[in-house]
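Worksheet for the structure shown next.
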Amino acid sequence: MKKEQQAEIARSITGSNLSTIAIISKVKYVTKTTREKIGPEINQMVQERNLPFDKAFPLIKDGFNEIATKYSMDPAVLFWIYMDWKKDYNQ
95 MKKEQQAEIA
105 RSITGSNLST
115 IAIISKVKYV
125 TKTTREKIGP
135 EINQMVQERN
145 LPFDKAFPLI
155 KDGFNEIATK
165 YSMDPAVLFW
175 IYMDWKKDYN
185 Q
């Protein structure tokens, strides 16, 4: 999948107003350490709902946005980072 498509999906799911270029740019600068912290935090919220992410997201959106604020990032960037983490850790 192209980066532009990933950005569009992240934007549409989270309701972000960031441009495609801004999302892609911000994702590049998230450190590995931050990525490794974010994944488990979000995954725990999803697992507590015992639903796939797309079904759990409306129920965890407030917590998801709190994590985005905690790490000073847009929710679309957080979504992208989480999806990458899931892929990298076979979650």
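This note's numbering applies: residue 95 is where the sequence shown begins, and numbers increase by one. Built from N, CA and C at the ideal position, the CB exists for glycine as well.
- Return the first residue and the last residue of the alpha helix (DSSP H) that S106 is part of. DSSP places S106 inside the alpha helix (DSSP H), whose first and last residues are K97 to T108.
- Going by Cα to Cα distance, which pick from D182, I107, K181 and P134 is closest to I161? Minimum Cα distance to I161 is reached at P134.
- Residue from N184, K126, W174 and K180 whose Cα sits closest to the Cα of I118: Of the candidates N184, K126, W174 and K180, W174 places its Cα closest to the Cα of I118.
- Task: Going by CA-CA distance only, name the one from I136, T114 and N111 that's closest to D178.
- Result: Nearest of I136, T114 and N111 to D178, Cα basis: I136.
- Which residues mark the beginning and the end of the alpha helix (DSSP H) in which S119 is found? Boundaries of the alpha helix (DSSP H) around S119: T114 to K122.
- Message: For Y183, count the other beta carbons within 10 Å of its own beta carbon; 16 or more makes it buried, fewer makes it exposed. Which is it?
- Response: By the neighbour-count rule (16 or more Cβ atoms within 10 Å), Y183 is not buried but exposed.
- Query: Quick one: what does DSSP say Y212 is sitting in, helix, strand or coil?
  - Reply: Limits of the chain in this structure are 95 at one end and 185 at the other, which puts residue 212 out of reach.
- Message: Beta-carbon within less than 6 Å of A170's beta-carbon, same chain only, minus the 5 sequence neighbours each way: which residues are those?
- Response: If we look at A170 and ignore the five residues flanking it on each side, its Cβ neighbours are A104, R105, T108, S110, L112 and I117.
- Query: Along the chain, where does the alpha helix (DSSP H) that runs through T127 open and close?
  - Reply: Judged by DSSP secondary structure, T127 falls within the alpha helix (DSSP H) whose first and last residues are K126 to R143.
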